[in-house]
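Working notes, structure below.
Number of protein chains: 2
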Amino acid sequence: MTLTNLSLGGFAILIAVRGQLSLSLLLIFLAALADRFDGLIARKLNIESELGKQLDSMSDIISFGVAPALLLYQGILNLFGFPGLFFTVFYIGCGAYRLARFNITESNGYFTGMPITAAGCLLTLSFLGIPYLPPHSYLFIIIILSILMISSFKLKKI
Amino acid sequence: MTLTNLSLGGFAILIAVRGQLSLSLLLIFLAALADRFDGLIARKLNIESELGKQLDSMSDIISFGVAPALLLYQGILNLFGFPGLFFTVFYIGCGAYRLARFNITESNGYFTGMPITAAGCLLTLSFLGIPYLPPHSYLFIIIILSILMISSFKLKKI
Numbered sequence: 001m002t003l004t005n006l007s008l009g010g011f012a013i014l015i016a017v018r019g020q021l022s023l024s025l026l027l028i029f030l031a032a033l034a035d036r037f038d039g040l041i042a043r044k045l046n047i048e049s050e051l052g053k054q055l056d057s058m059s060d061i062i063s064f065g066v067a068p069a070l071l072l073y074q075g076i077l078n079l080f081g082f083p084g085l086f087f088t089v090f091y092i093g094c095g096a097y098r099l100a101r102f103n104i105t106e107s108n109g110y111f112t113g114m115p116i117t118a119a120g121c122l123l124t125l126s127f128l129g130i131p132y133l134p135p136h137s138y139l140f141i142i143i144i145l146s147i148l149m150i151s152s153f154k155l156k157k158i
Numbered sequence: 159m160t161l162t163n164l165s166l167g168g169f170a171i172l173i174a175v176r177g178q179l180s181l182s183l184l185l186i187f188l189a190a191l192a193d194r195f196d197g198l199i200a201r202k203l204n205i206e207s208e209l210g211k212q213l214d215s216m217s218d219i220i221s222f223g224v225a226p227a228l229l230l231y232q233g234i235l236n237l238f239g240f241p242g243l244f245f246t247v248f249y250i251g252c253g254a255y256r257l258a259r260f261n262i263t264e265s266n267g268y269f270t271g272m273p274i275t276a277a278g279c280l281l282t283l284s285f286l287g288i289p290y291l292p293p294h295s296y297l298f299i300i301i302i303l304s305i306l307m308i309s310s311f312k313l314k315k316i
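Protein chains in written order, with the working numbering: chain A, 1 to 158; chain B, 159 to 316.
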């Protein structure tokens, strides 16, 4: 299942590069579903392994870090020249930091900062608003999601 | 330094998406240099932290997994339809597995399987041969590098 998540994320990236943005969006949402089931199944069967956890983080940076960032870059952020480029990379960097921090902390029933899965899904969802929202709002959306990931507010897990 | 590596990798991805492939290649090599110095400095100053190690893996999957894969996909593999797409994602998946396995094993002076940094640099180097090598050889190159990463031969560290 983790490999499904990772593969879907990888395909989402390449498909976004080819310009088929709606298909890329669909693949990211499928990756989110695979990620959700993956965690549930692993916990249910009690087969959470250290390798699985590491592989899961690698999948997350691809499916919810790089893929949604590329989708938004291709969809709208490329209009903004260097700031568009910079904040797309900034989002990926914040996501990587969020995952690295998560990997070294013990699970305690709370999220610290917004999980990259949530940020990636919100970013992907925001893609659907491109025809309706002012273009500049996307710079704000990606900056806010980036900062929410690296901030240290606590959120109870559901 | 780790953030330099990660940022260079992120920019390499976006620049490859924009079609500036030579610039993307340069950024990947700069990321490899940053990665090399990062490790040297951390060991010299004895500031190798668990967070640093995790962040380093995240940077590696971006700079030497996704970025070179995209570069080759944009440069030549897109000519091959689904197989081109599939083996590009396969390479990223093998790289993620290599890094996840590395993160859970103790360092013992040996590499197990080809490091993703080496595979990424070789893949990036091979890009320079596109005008001279037969196109199909690139499918072989990416498959062989992928398998070398997940194989379990031992190699003494230098």
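Glycine included, every Cβ here is placed at the ideal spot set by N, Cα and C.
Sequence-ordered contacts of the region 169–192 of chain B with chain A read Phe169, Ile171, Leu172, Ile173, Ala174, Val175, Arg176 [C-beta pairs closer than 9 Å]. Taking the Cα of A:Phe80 as reference, the smallest distance to any Cα among A:Ser24, A:Leu145, A:Ser137 is reached at A:Ser137.
Under DSSP, B:Leu313 forms a beta bridge with B:Phe269.
Within the same chain, Leu27, Ile28, Ala31, Ser59, Ile62, Ser63, Phe64, Val66, Ala67 come within 8 Å of A:Gly9 by CB-CB distance, once the 5 residues on both sides are set aside. About 16 Å separates the CB atoms of A:Leu55 and B:Tyr249; that is not less than 8 Å, and the two are not in contact. Note on B:Asn204: under 16 other CB atoms within 10 angstroms of its CB, so exposed under the neighbour-count rule. Legend: CB atoms of the region 88–122 of chain A lying less than 7 Å from CB atoms of chain B belong to residues Thr88, Val89, Ile92, Gly93, Ala96, Tyr97, Leu99, Ala100, Arg101, Asn103, Ile104.
Taking a 10 Å sphere around the C-beta of B:Phe169, we find 16 or more other C-beta atoms and assign the residue as buried. With a threshold of 8 Å between beta carbons, A:Ile61 makes contact with chain B. Shown here, A:Tyr97 sits in a helix according to DSSP, grouped into three states. Within the region 167–214 of chain B, the alpha helix (DSSP H) runs of at least 4 residues that lie entirely inside it are, in chain order, 179–202.
Along the region 292–311 of chain B, there is no position whose C-beta sits under 9 Å from a C-beta of chain A. B:Met307 carries a helical assignment under DSSP once its states are collapsed to helix, strand and coil. In the same chain as A:Lys154, and ignoring 5 residues on each side of it, the C-beta atoms closer than 8 Å to its own belong to Tyr110, Phe111, Thr112, in chain order. Interface criterion met: the Cβ of B:Leu209 is under 8 Å from a Cβ in chain A.
Rounded to the nearest angstrom, the Cβ distance from A:Cys94 to A:Ile150 is 5 Å, consistent with a contact under 8 Å.
Between B:Ile301 and the set B:Pro292, B:Cys279, B:Gly242, the nearest pair of CA atoms involves B:Gly242.
Residue range 116–127 is occupied by the alpha helix (DSSP H) that includes A:Phe127. Neighbours of B:Leu161 across chain A, judged by C-beta separation under 7 Å: Gly93.
The C-beta distance from A:Ser24 to A:Ala16 rounds to 4 Å, short enough to meet the 8 Å contact threshold.
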